[in-house]
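Novice: Pasting in a structure now, in C-alpha cells, and then I'll have a few things to ask.
Residue numbers (our numbering), protein chains in the order written: chain C, 479 to 592; chain W, 129 to 242.
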C-alpha cells in the first residue's frame, strides 16, 4: 500500500521568500503524483500533477514540482511566495495504472507574512 | 454552473444519532469519493464509488455507510457506531475511477457531535 509523508507541518515565510515543501512517498511500483491546495474558505483544488516524462512539472500560480525517483520525492517549489499563497498544501499519490484511489499526506500549512 | 455541492455546511447532532451528509454533482462524473479531514491528519478515504450501484470501503470505513443509487448523488451516513464522528467531511468526484483522473472537491460539511 502507498503512503505519503509531508515532513513540514507548518511553514512560515515572508513575502518574496522561496518555498520548498517536502513530499516523500512509499510504494514499490510506478506512481502518479499530485499536489492539491486548500486556500482558506475555498475548495481543495489541483495545483499540479505528474504521470510520466519530464520530471519537472509546472502548475498553476507559478508552482512547480520535481519528481526524483531515486529519492521517492515530489517536492513543491515556488521561487517567490505571495501573501495569497497562504493555504494548506497536500501531496497525494496513487498507483500508475488501475483504479486505485489517492492516498494523501497529512498536509503542510503555509503562512506567508507581509 | 457545474460542480459539487455538499449540504449543509455545518451540522450538529447529538451523540448516538445517525446523520446523513449530502453530496451532489452535476459534472456527469462516474466516480465519487468521501474523505474525512482532521487537523494534522490530512484527508483519509472513507468510501468511494466508481459506478452507480457499486462502492468500496476506504481506509476508515468503520462506522460509516454509503449508497450510490444515482450517478449524481453519493450520500454518506455517519452512524452511532463511529467513535469519533466530529470532523470535516469532503466529497469529491472524477470523470472515472482511473488513476490519472483529477478529483474535484466540494466545499465540505463540518459535523459536530455534541
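Where a beta carbon is used, it is the ideal one built from N, C-alpha and C, also for glycine.
List the residues of chain W that residue 529 of chain C touches, going by C-beta distances under 7 Å, in chain order.
Specialist: 228
Novice: Going by DSSP, which residues form a beta bridge with residue 503 of chain C?
Specialist: C/482
Novice: Report buried or exposed for residue 560 of chain C, applying the criterion of at least 16 other Cβ atoms within 10 angstroms of its Cβ.
Specialist: exposed
Novice: Hey, which unbroken runs of the beta strand (DSSP E) at 3 residues or more fall wholly within the segment 166 to 196 of chain W?
Specialist: 170 to 179, 182 to 185 and 192 to 194
Novice: To the nearest angstrom, how far is the alpha carbon of residue 231 of chain W from that of residue 220 of chain W?
Specialist: 6 Å
Novice: Are there any heavy atoms of the ligand ADP lying less than 6 Å away from the beta-carbon of residue 147 of chain W, as far as the coordinates show?
Specialist: The model on display carries no ligand, and the ligand ADP is accordingly not part of it.
Novice: Just tell me which of C/520, C/498, C/532 and C/582 has its CA closest to the CA of residue 565 of chain C.
Specialist: C/520
Novice: Could you pull the start and end residues of the beta strand (DSSP E) that residue 132 of chain W belongs to?
Specialist: Residues 132 to 135.
Novice: Buried or exposed: residue 167 of chain W, going by 16 or more other Cβ atoms within 10 Å of its Cβ?
Specialist: exposed
Novice: Ends of the beta strand (DSSP E) at residue 572 of chain C?
Specialist: 565 to 573
Novice: Determine whether the beta carbon atoms of residue 178 of chain W and residue 151 of chain W lie at a separation below 7 Å.
Specialist: No; because the gap between Cβ atoms is not below 7 Å, this pair is not in contact.
Novice: Near residue 236 of chain W, what residues of its chain come up, given a Cβ to Cβ distance below 7 Å and the 5 sequence neighbours on each side ignored?
Specialist: Closer than 7 Å at the Cβ level, and outside the excluded window around residue 236 of chain W, lie 134, 216, 217 and 218.
Novice: Need the endpoints of the beta strand (DSSP E) that residue 590 of chain C sits in, please.
Specialist: 586 to 591
Novice: Kindly identify the DSSP beta-bridge partner or partners of residue 218 of chain W.
Specialist: DSSP lists W/163 as the beta-bridge partner residues of residue 218 of chain W.
Novice: Would you check if the distance between the CB atom of residue 539 of chain C and the CB atom of residue 497 of chain C is smaller than 7 Å?
Specialist: no
Novice: Please report how far the alpha carbon of residue 547 of chain C lies from the alpha carbon of residue 530 of chain C, in whole angstroms.
Specialist: 11 Å
Novice: What does the Cβ neighbour count give for residue 132 of chain W, buried or exposed, with the cut at 16 atoms within 10 Å?
Specialist: The residue is buried, with at least 16 neighbouring Cβ atoms inside 10 Å.
Novice: For residue 136 of chain W and residue 210 of chain W, I'd like the C-alpha separation in whole angstroms.
Specialist: 20 Å
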